[in-house]
Amino acid sequence: MRRPLVAGNWKMHGSRAENARLIEALVEASDTATCEVVVCPPCVYLWEIGRQLKDSTIALGSQDVCAEAQGAFTGEVSAAMLKDVGCSYALVGHSERRALYREDDALVARKFVAAQAGGLTPILCVGETLEERERGVTEEVVGRQLDAVLALAGVAAFGRALIAYEPVWAIGTGKTATPEQAQDVHRFIRDRIVARDATIGGAVRLLYGGSVKAANAAELFAKPDVDGGLVGGASLKADEFVRICAAAA
Ligand code: 13P
């Protein structure tokens, strides 16, 4: 049985005051949460939020991580530093990083390895654009994104990682993949891992992301290979996010 997990990716939103209110509400609701809950605030707030989460069951994640362990990399933050301020998870290869900051499959694979080497559990994000879906190459694209990480990290590394399927056309657009569309790609992803190691493939948790809301979460999470969600906009509203987490339980 795979334990469901819901992660909130705040992207570049929030302030100390807004974060404090949001975290207070989430911590209050977390006592009854039966799924695992992770929040990924902007890097600069991690330490403070980590302290606010200290006695709670909510885990902390970063939105990105440097592929290098340390050194002259101005502006970057290493996995060990993220671990040091209380993170347990790191998103790697989010579509906004891939598209806006030109992160290619090879760099994403290095970030995945660096996250694990620094003691973090990577949440590898994969997904196709609208143009790619319409061309019928979704599996080719997602397969290529997965294979780059499998080649560098090895299948065993997926024993300590999650994968988030986020179709780019569904992110921040209000256009959610149907539960069937999500399930189809999740099945494809799981099969790809199972082909290399059945135990690891059967156990790896697959999150769906892209306009997840309280209103659509339950039907998405009901699919057999959807083990939770990676939530953007709706994770900034405490009551909405709590309802999404409840839907994953
Ligand atoms: P939205 O939930 O705002 O569509 O964002 C999804 C996402 O990119 C989470 O990482």
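Residue numbers (this note's numbering): 77 to 325. For each residue, glycine too, the CB sits at the ideal point set by N, CA and C. Quick caveat: nothing in here was measured; it's all calculated off a predicted structure.
Through-space distance from residue j to residue i, alpha-carbon basis
| i | j | result |
| --- | --- | --- |
| R319 | L81 | 13 Å |
| V184 | V225 | 7 Å |
| S106 | V114 | 11 Å |
| V161 | E256 | 39 Å |
| S311 | F317 | 5 Å |
| A232 | R281 | 14 Å |
| F286 | Q146 | The residue you asked about is not Phe; residue 286 is Gly in the sequence shown. Their backbone Cα atoms lie some 33 Å apart in a straight line. |
| R63 | V168 | As shown, the chain starts at 77 and ends at 325. That puts residue 63 outside it, with no answer to give. |
| G203 | R178 | 15 Å |
| A125 | N95 | For the record, residue 125 in the displayed sequence is Ile; it is not Ala. Using only the alpha carbons, I get a separation of about 8 Å. |
| A323 | N292 | 9 Å |
| S171 | T110 | 29 Å |
| V302 | F234 | 16 Å |
Element boundaries [beta strand (DSSP E), containing residue i]
| i | result |
| --- | --- |
| T197 | T197 to V202 |
| E112 | E112 to C116 |
| A314 | From DSSP, A314 is part of no beta strand (DSSP E) but of the alpha helix (DSSP H) over A314 to A324. |
| S106 | That residue, S106, is in no beta strand (DSSP E); its alpha helix (DSSP H) goes R92 to S106. |
| V261 | First-last for V261: P255 to V270, but that is the alpha helix (DSSP H), not the beta strand (DSSP E). |
| V82 | L81 to N85 |
Cβ-heavy atom distance, residue i to the ligand 13P, below 7 Å
| i | result |
| --- | --- |
| V288 | yes |
| E242 | yes |
| V307 | yes |
| G285 | yes |
| A227 | no |
| I247 | yes |
| H170 | yes |
| N85 | yes |
| A237 | no |
One or two residues paired with residue i in a DSSP bridge
| i | result |
| --- | --- |
| R173 | Beta-bridge pairing links R173 to no other residue. |
| I239 | L200 and L282 |
| G137 | Y165 |
Alpha helix (DSSP H) segment containing residue i, residue limits
| i | result |
| --- | --- |
| G304 | Element bounds for G304: not the alpha helix (DSSP H) but the beta strand (DSSP E), G304 to V307. |
| V217 | T214 to A229 |
| G126 | L122 to Q128 |
| R78 | That residue, R78, is in no alpha helix (DSSP H); it is neither H nor E in DSSP. |
| Q146 | Q146 -> no alpha helix (DSSP H), and no H or E assigned at all. |
| E295 | A290 to F297 |
| E207 | L206 to E210 |
Report yes or no: do the stretch 111-129 and the stretch 137-147 share at least 3 C-beta pairs separated by less than 8 Å? Counting Cβ pairs under 8 Å, three or more are found: they touch.
Quick one: any contact between the stretch 212-220 and the stretch 251-267, if contact means 3 or more CB pairs under 8 Å? Two segments are said to touch when three or more pairs of C-beta atoms, one from each, lie closer than 8 Å; by this definition the stretch 212-220 touches the stretch 251-267.
Contact between the stretch 81-94 and the stretch 305-313: three or more CB pairs below 8 Å? The stretch 81-94 makes contact with the stretch 305-313; the number of CB pairs closer than 8 Å reaches 3 or more.
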